[in-house]
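> Submitted below is the structure of interest, expressed as structure tokens.
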Amino acid sequence: MKQLIAFDLDGTLAESKQPIGEPIATALGRLLGVTKVAVISGGDWPQFEAQVISRLPSDADLTKLFIMPATGTKLYRFEGGAWHCVYADDFSRDESAAIRKALEVASADQGLDKDQSWGKRIEGRGSQVTFSGLGQEAPLDAKKAWDPDFAKRKRLQAALQRQLPDLSINIGGSTSIDITRQGIDKAYGMRRLTEHSGVPARAMLFLGDAIYPGGNDYPVAQAGIDVIAVRDPLETMRIVTAIALCLASSDP
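In our numbering, the protein residues as written are 1 to 252.
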């Protein structure tokens, strides 16, 4: 019996940077009534707050919810009526500055600084620095059209790996590159989750839209955790509804 259901955010629970829809918010509320739930993604805390937490039903049991920003290098829990940061594996100021400089140089070399930008292209998230090809506030249609075959980001990733050989350079959402300390991916986040939730990996289930070689959800499958690959938030909603019904019917 699964004791914790974990989710990727963008592409799984919601479209990129968009709030979760009412049907999936309702389904998550029901799921929280019967089991623990985690959401892990590359965004920082404000993104989770806007996309997920603010959309959940008012009676959702937030004490069962684990929010894991920046690829699991941070963990937030709801305790005593408020959200608290349990841990954050933050970069030092010098580390962040070096990463930003490398991103500026590499993106300029690749000509990626010439594209139209909506908001900041480089964002420090404490434990992660993220490059967004079209900026943090780019419209969804533009993001989907910018790098559908990953070619631009693979070139940038290779250039960054030469400049930052001791760091982990991962392709993130539809336009992003996430830079963290070596060995950081969603498998790392899920391992940290076992420590803080008390739930063993064998009792977890993960849903994501990028569970394929090279996808940023794939490390979870490689770590031996049971996974379900989804196409989009609509499929996720249907699966969540079914899981909640199954878990509710199995209660004594």
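Beta carbons are placed, not taken as given, at the ideal position from N, Cα and C, and that holds for glycine.
Values in this document were obtained by computation on a predicted structure and should not be read as measured data.
#1: Measure from the C-beta of Ile122 to each C-beta in chain D and report whether the shortest distance is under 9 Å.
#2: Using a Cβ-Cβ cut-off of 8 Å (strictly less than) and excluding sequence neighbours within five positions of Pro57, which residues of its own chain qualify?
#3: Kindly indicate which three-state DSSP category Ile228 falls into: helix, strand or coil?
#4: Looking only at its own chain, which residues have a Cβ that is under 8 Å from the Cβ of Val260, when we skip the five neighbours before and after it?
#5: Which residue comes first and which comes last in the alpha helix (DSSP H) that contains Ser250?
#6: Report buried or exposed for Gly119, applying the criterion of at least 16 other Cβ atoms within 10 angstroms of its Cβ.
#7: Which whole-angstrom value is the C-beta distance of Leu112 and Lys154, which I expect to be below 8 Å?
#8: Quick one: what's Asn170 bridged to in DSSP?
#9: Shortest alpha-carbon distance to Phe66 belongs to which of Trp45, Val86, Ala38 and Phe48?
#10: Please tell me whether Leu9 and Val199 are closer than 9 Å, where the distance is taken between their beta carbons.
#11: So, with DSSP's three-state summary, where would you put Ser197?
#12: Going by other Cβ atoms of all chains shown within 10 Å of its Cβ, with 16 needed for buried, is Val105 buried or exposed?
#13: Could you please give the first and the last residue of the uninterrupted alpha helix (DSSP H) stretch that includes Phe48?
#14: With 16 as the cutoff for other CB atoms within 10 Å, does Ala242 come out buried or exposed?
#15: Rounding to the nearest angstrom, what Cα-Cα distance links Glu79 and Pro69 in this structure?
#16: Three-state secondary structure (DSSP) at Val220?
#17: Taking only the alpha-carbon atoms, compute the straight-line gap between Cys85 and Lys186 and give it to the nearest angstrom.
#18: Cβ of Trp83 versus every heavy atom of the ligand GTP: is any distance shorter than 8 Å?
#19: The alpha helix (DSSP H) spanning Val105 covers which residue range?
#20: What residue from Asp141, Arg162, Tyr188 and Ala229 has the CA that sits closest to Ser16's CA?
#21: Taking the alpha-carbon of Gly172 as reference, which of Ile99, Gly215, Leu193 and Thr73 has the nearest alpha-carbon?
If we stick to the structure as given:
#1: Among the protein chains of the structure shown there is no chain D, as only one such chain exists.
#2: Correct list, in chain order: Ala25, Thr26 and Gly29.
#3: Secondary structure of Ile228 (DSSP, three-state): strand.
#4: The question about residue 260 has no answer here: the residues shown for the chain are numbered 1 through 252.
#5: Per DSSP, Ser250 belongs to the alpha helix (DSSP H) from Pro233 to Ser250.
#6: In this structure Gly119 is exposed. Its beta-carbon is surrounded by fewer than 16 other beta-carbon atoms within 10 angstroms.
#7: Contact flag wrong, Cβ pair sits at about 12 Å.
#8: Asp178.
#9: Shortest Cα-Cα distance from Phe66 to any of Trp45, Val86, Ala38 and Phe48 involves Ala38.
#10: No, these two residues do not count as a Cβ contact at 9 Å.
#11: Under the three-state reduction of DSSP output, Ser197 falls in the helix class.
#12: Per the 10 Å Cβ criterion, exposed.
#13: That run of the alpha helix (DSSP H) goes Trp45 to Gln51.
#14: By the neighbour-count criterion, in which 16 or more other beta carbons inside 10 Å mark a residue as buried, Ala242 falls on the exposed side.
#15: Their Cα atoms are separated by approximately 18 Å.
#16: Looking at Val220 - three-state DSSP - the assignment turns out to be helix.
#17: Each residue's Cα considered, the two are about 18 Å apart.
#18: Questions concerning the ligand GTP fall outside what the structure shown contains, since it holds no ligand whatsoever.
#19: Run containing Val105: Arg93 to Asp109, per the alpha helix (DSSP H) assignment.
#20: The candidate whose alpha carbon is nearest that of Ser16 is Asp141.
#21: Per the C-alpha coordinates, the member of Ile99, Gly215, Leu193 and Thr73 positioned closest to Gly172 is Gly215.
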